[in-house]
Amino acid sequence: PRSHPHACEMNTFGKAFKVLGGPPEPQPQEGSRLFPPVKTDGIETETSKEQKRLERMCGELLESFTGPEEAELKIDAHTRYLIRGLTHLPAGYSSLDASRPWILYWILHSMELIGMFEQPLSEEDAESIISFVKRCQAPTGGFGGGPNQRAHLAPTYAAVMSLVILGSKKGFEIIDRQKMYEFLMSVKVKSGFLRGGFAVTLGGEVDTRGTYTCLAVASILNILTPELAEGAAEFVARNQTYEGGIGAEPGNEAHGGYAYCGLAALQILKRTDAIDLESLLRWTTQRQMSLEGGFQGRTNKLVDSCYSWWVGGIFPLLQPLLSSNSKDHNTKTTQSSSEVKGVQEAIFDAKKLQEYILICCQMNLGGLRDKPGKRQDYYHTCYSLSGLSMAQHQMETDGKGGLRPLGPVGGSRNQLYPTDPTYNVSPKKVALALEFFGKLSKPKIKSSSSDSNISEEKEGGKKHSAVMELCSP
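Heads up: the sequence shown begins at 80 in my numbering, then just goes up one per residue.
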């Protein structure tokens, strides 16, 4: 895949132009801390009107602070909001009855990012969480969106990562790894146009999200086999678009969530050579909005705080690949490897992203929202904080030829714990889980004469889980 021929005429926000070539970094407007608004073709549409309205709202909020050092992460309010969510949810969450492990994951991951696990959960609370997750485990293997629901890759990922966050041996031991492996193999597409991909459930849609959640779970549980991985890298590569991003399936529009899932899946497979990384870098940097500072998920869409992770999380995966000549991480690029070597500092404006999250997305009563004018929810709280953590741990030059962590906007009081770029949970908890499951034997591989029953002629249009729908404008 190649990038759009006019891509370099767009705003390659941050330092990416040093790698790709293109226009210099934008400068703030005269007499203001704000960067220029999005350029348009002058034709007014409902979308352009909404963009102008949002820029006005964000501009007013950003300029209400004399400087970013005034921005404070409302940790106490967020703590109360998260604790409340573990036992009492607003009535509106009843629509997410098939996503209950996701709600648990969003809350637990938010808690670990702001330091609520500095002291372990009480044994009673941990047992309650483990008991709930166990009731979501399906007889066929994998986890459903709630007790007695059919297995689905999305809540399977959320359930397993929730147990990883807890870091409890009791939690790890409830997972039936053999049944899990059989479930993962049962949703693998072995032939046809979507071969190598995974259906999110038996008879469900086949997309990049399913491939990532499957591989993430398999790699954590030490059940990733050559049979399971076969063709997955090629499936992801076919989903890279002319823009450089990655879509749900071949021919779909590039999307922030699928782009992250695609690259993370390739990272797990050690097959990042399968896609054009420079093209992905160009597309990713172009998603940062010039005035707001946050990311959009698709071309010509509005800023959304959840993409602080779904798009922002691509950078810590991508940057080491562009600075490495490792044979395991060859890059399909249009430049020689020596020209892209050394991309270690932030290649987007990490400070502007932090300002957007802290100033435009926080609610006084706790929780974070998509954008000004919206209400807070646990989904956006989780991925806003994930993106904020990622931005704080980006590197910048120290003026002495070296690098140092960028650190938190607003000072050390806003410091978050780091998150693993591949799994989006604590790196220490990932290491603990990998150590535990790494000592266990691989699952038994059962021979089967029948392929997955996934049909490429999907009836009635594509189904989407709440994890993507909550943030798709």
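Backbone N, C-alpha and C fix where the C-beta goes; we use that ideal spot for every residue, glycine too.
Only a predicted model underlies this, so the values are computations on that prediction, with no experimental measurement involved.
Ala-233 beta carbon less than 9 Å from that of Thr-219 = no
Give the DSSP-derived three-state secondary structure of Phe-251 in the structure shown.
-> helix
Proximity below 9 Å, CB of Leu-447 to CB of Thr-460 = yes
Using only alpha-carbon positions, find the residue among Met-368, Gln-198, Gly-250 and Ala-343 that is nearest to Ile-325.
-> Ala-343
Under 7 Å Cβ to Cβ from Arg-159, same chain only, skipping five residues before and after it: list those, please.
-> Gly-445
Heavy atom of the ligand SAH within 8 Å of Leu-192 beta-carbon | Inclusion of the ligand SAH in the displayed structure is not the case, the ligand content being empty and no account of it being possible.
Can you tell me the Cβ-Cβ gap for Glu-332 and Val-285, rounded? I've got them flagged as a contact below 8 Å.
-> With 8 Å as the limit, Glu-332 and Val-285 do not qualify as a contact, their Cβ atoms being about 17 Å apart.
How long is the line joining the alpha carbons of Leu-140 and Ile-122, rounded to whole angstroms?
-> 27 Å
Looking at the structure shown, is Ile-186 part of a helix, part of a strand, or coil, going by DSSP?
-> helix
Since Leu-360 is in the beta strand (DSSP E), which residue starts that stretch and which ends it?
-> Taken as a continuous stretch (DSSP letters only), Leu-360 belongs to no beta strand (DSSP E), being part of the alpha helix (DSSP H) at 356-364.
Can you tell me where the alpha helix (DSSP H) with Thr-292 in it begins and where it stops?
-> 287-299
Rounded to whole angstroms, how far is the Cβ of Thr-235 from the Cβ of Val-296, which I believe are closer than 8 Å?
-> 6 Å
Would you decide whether Asn-318 is buried or exposed? Buried here means 16 or more other CB atoms lie within 10 Å of its CB.
-> buried
Ends of the alpha helix (DSSP H) at Thr-235?
-> 232-245
Going by CA-CA distance only, name the one from Thr-320, Tyr-321 and Val-268 that's closest to Leu-307.
-> Val-268
Candidates Leu-467, Ile-524, Asn-379 and Gly-372: closest to Leu-192 by CA position | Leu-467
Under the three-state DSSP convention, the category Glu-418 falls into | Because the pLDDT of Glu-418 is 39, which lies under 50, any placement of that residue in the model is unreliable, and the question is left without a value.
With 16 other CB atoms within 10 Å as the buried threshold, where does Lys-569 fall?
-> With the chain covering only 80 through 552, there is no way to say anything about residue 569.
Classify Leu-187 as buried or exposed, calling it buried when 16 or more other Cβ atoms lie within 10 Å of its own Cβ.
-> buried
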